[in-house]
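Let me begin by presenting the structure, written as structure tokens, before commenting on it.
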Amino acid sequence: MADRKPIESWLTDMDGVLIHEGTPIPGAEEFLRRLRESGKPFLVLTNNSIYTPRDLSARLAGMGLEVPEECIWTSALATAKFLAGQRPNGTAYVIGEAGLTTALYQAGYVLTDNNPDYVVLGETRTYSFEALTKAIRLINQGARFICTNPDETGPSTEGVLPATGSVAALITKATGVEPYFVGKPNPLMMREALNTAGAHSESAVMIGDRMDTDIVAGMEAGMETVLVLTGLTSAADVERFPYRPSRVVKSIADLVELV
Numbered sequence: 001m002a003d004r005k006p007i008e009s010w011l012t013d014m015d016g017v018l019i020h021e022g023t024p025i026p027g028a029e030e031f032l033r034r035l036r037e038s039g040k041p042f043l044v045l046t047n048n049s050i051y052t053p054r055d056l057s058a059r060l061a062g063m064g065l066e067v068p069e070e071c072i073w074t075s076a077l078a079t080a081k082f083l084a085g086q087r088p089n090g091t092a093y094v095i096g097e098a099g100l101t102t103a104l105y106q107a108g109y110v111l112t113d114n115n116p117d118y119v120v121l122g123e124t125r126t127y128s129f130e131a132l133t134k135a136i137r138l139i140n141q142g143a144r145f146i147c148t149n150p151d152e153t154g155p156s157t158e159g160v161l162p163a164t165g166s167v168a169a170l171i172t173k174a175t176g177v178e179p180y181f182v183g184k185p186n187p188l189m190m191r192e193a194l195n196t197a198g199a200h201s202e203s204a205v206m207i208g209d210r211m212d213t214d215i216v217a218g219m220e221a222g223m224e225t226v227l228v229l230t231g232l233t234s235a236a237d238v239e240r241f242p243y244r245p246s247r248v249v250k251s252i253a254d255l256v257e258l259v
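Its first residue numbered 1, the sequence shown is counted upward by one per residue in the numbering used here.
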């Protein structure tokens with residue numbers, strides 16, 4: 001990582017970097033241990049808005065990975081922080097799970113279907129036709145449309161699942177209104193993560209497994225970027241993009257010695 005300041009802060013994606021389908025990726029445990037022992041600021045980022053940081057910390061602990069809840073940054077937290085800055089103590093109609101509703105509640109928002117300022121769409125395993133219909137009608141009546149992230153599909157042991165981006169497309173088709181996506185690849189999520197960690201982009205690195213979210217968001221936020229090949233992007237795929245990561249490694253295990 002030439003011509004850059006020494007790495008003082010680490011940001012890393014979760015799925016495809018630290019875990020894969022509920023199983024730790026070899027090297028992840030040692031990498032996280034090194035980070036904790038170093039005392040350097042670090043955050044584990046995820047576009048998944050279903051779980052609270054406490055939930056995710058517990059789930060990771062069940063896999064043998066120790067990540068304090070204050071070191072987890074989700075698209076739900078980024079969305080809540082963004083909305084609190086845009087319209088403090090506002091109102092929102094929310095489609096999502098506890099990760100999103102808790103974040104908005106803690107940011108001072110009132111959750112309502114009565115003339116809300118925003119319709120906020122997050123990820124859930126039980127998208128309701130009734131809830132989607134309500135969202136469409138509220139947006140047609142003037143509510144602003146926000147989405148936690150643009151991911152079109154998500155992984156499962158049975159295969160891909162439709163995710164927030166796909167459902168957002170349905171709502172857009174019905175209303176003609178495009179949402180504002182807060183999560184990756186929006187560099188806003190990365191800058192808010194840096195601020196949360198007390199980090200600076202010039203001495204921070206972003207580790208991810210996707211060129212179109214993790215790497216482009218890190219690059220646009222001014223960070224070093226590292227692509228690991230344990231997720232969705234292969235080495236051959238890298239050449240298809242008009243931008244490149246700062247470095248490409250096989251897995252998180254190759255980065256342990258850099259901490």
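Where is the CB? At the ideal position from N, CA and C, for every residue including glycine.
Note that this is a predicted model, so its numbers are computed, not measured.
Neighbourhood of residue i by C-beta distance below 8 Å, restricted to the same chain and skipping five residues each side
i      : result
Ser251 : Ile25, Pro26, Gly27, Val228, Leu229, Thr230
Gly64  : Pro24, Glu29
Ile136 : Ile171, Ala174, Thr175
First and last residue of the uninterrupted beta strand (DSSP E) at residue i
i      : result
Ser9   : 9 to 13
Gly208 : 204 to 208
Glu224 : 224 to 228
Val262 : For the chain, the structure presents residues 1 to 259; residue 262 sits outside this window and is missing.
Tyr109 : No beta strand (DSSP E) holds Tyr109; DSSP gives it neither H nor E.
Tyr74  : The question names Tyr, but residue 74 is Thr in the sequence shown. Its beta strand (DSSP E) spans residues 72 to 74.
Phe129 : From DSSP, Phe129 is part of no beta strand (DSSP E) but of the alpha helix (DSSP H) over 129 to 140.
Leu268 : This structure does not reach residue 268, given that the chain is present from 1 up to 259, and the question cannot be answered.
Ile252 : No beta strand (DSSP E) contains Ile252, which DSSP labels as neither H nor E.
Own chain residues within Cβ distance below 6 Å of residue i, not counting five before or after
i      : result
Ala217 : Lys184, Pro185, Pro187, Met190
The alpha helix (DSSP H) enclosing residue i, as first and last residue numbers
i      : result
Arg87  : Where Arg87 is concerned, there is no enclosing alpha helix (DSSP H), given that its DSSP letter is neither H nor E.
Val238 : 235 to 238
Val216 : 216 to 220
Neighbour-count burial assignment, residue i, 16 or more Cβ in a 10 Å radius
i      : result
Ala78  : buried
Ala236 : exposed
Tyr243 : exposed
Val67  : buried
Asn264 : There is no way to answer for residue 264, as the model of the chain reaches only from 1 to 259.
Ala2   : With a pLDDT of only 49 at Ala2, under 50, the local geometry of the prediction cannot be trusted, and no value is derived from it.
Lys81  : buried
Ala197 : buried
Leu161 : exposed
Gly159 : exposed
Arg240 : exposed
Pro245 : buried
Glu69  : exposed
Gly208 : buried
Gly85  : exposed
Glu178 : exposed
Gly16  : buried
Gly22  : exposed
Ala61  : exposed
Contact belief for residue i with residue j at Cβ below 8 Å, rounded distance in angstroms
i      : j      : result
Leu111 : Ile171 : The pair is not a contact, with the Cβ atoms about 18 Å apart (cut-off 8 Å).
Val249 : Glu224 : That pair is no contact at about 12 Å.
Thr124 : Gly165 : That belief does not hold up - the Cβ atoms of Thr124 and Gly165 are roughly 14 Å apart, past 8 Å.
Arg34  : Val259 : 4 Å
Ala107 : Leu138 : Actually they are not in contact, since the Cβ atoms of Ala107 and Leu138 sit about 20 Å apart, beyond 8 Å.
Ala193 : Trp73  : 5 Å
Ser118 : Ala92  : Before going on, a small fix: residue 118 reads as Tyr here, not Ser. Yes, they are in contact, since the Cβ atoms of Tyr118 and Ala92 sit about 4 Å apart, within 8 Å.
Ile146 : Val167 : That pair is no contact at about 13 Å.
Assigned secondary structure, residue i (DSSP; H/G/I helix, E/B strand, else coil)
i      : result
Glu67  : The amino acid occupying residue 67 in the given sequence is Val; Glu does not appear at that position. Looking at Val67 - three-state DSSP - the assignment turns out to be coil, as it is neither helix nor strand.
Gly16  : coil
Tyr51  : coil
Pro187 : helix
Met1   : Residue placement at Met1 is flagged as unreliable, the pLDDT there being 47, under the threshold of 50; the coordinate-derived value follows with that caveat. In this structure, Met1 counts as coil in the three-state DSSP scheme.
Val94  : strand
Val44  : strand
Ile25  : coil
Gly176 : coil
Phe241 : coil
Gly154 : strand
Leu259 : The amino acid at residue 259 is misidentified as Leu; the sequence shows Val. Of the three classes helix, strand and coil, the one that applies to Val259 here is coil, per DSSP.
Arg34  : helix
Leu161 : strand
Arg125 : coil
Sequence-distant residues of its chain with Cβ nearer than 7 Å to residue i (five each side left out)
i      : result
Ala76  : Ser49, Gly99, Leu100, Ala103, Gly122, Thr148
Thr52  : Ala98, Gly99, Thr102
Asp151 : Asn47, Ala163, Thr164, Gly165
Cys71  : Phe42, Leu43, Val44
Val256 : Gly27, Glu30, Phe31, Arg34
Heavy atom of the ligand GDP within 8 Å of residue i beta-carbon
i      : result
Tyr105 : Ligands displayed in this structure: none; no statement on the ligand GDP is therefore possible.
Neighbour flag for residue i against chain C, beta carbons, 9 Å
i      : result
Glu224 : Protein chain content of the structure displayed is limited to a single chain, and chain C is not contained in it.
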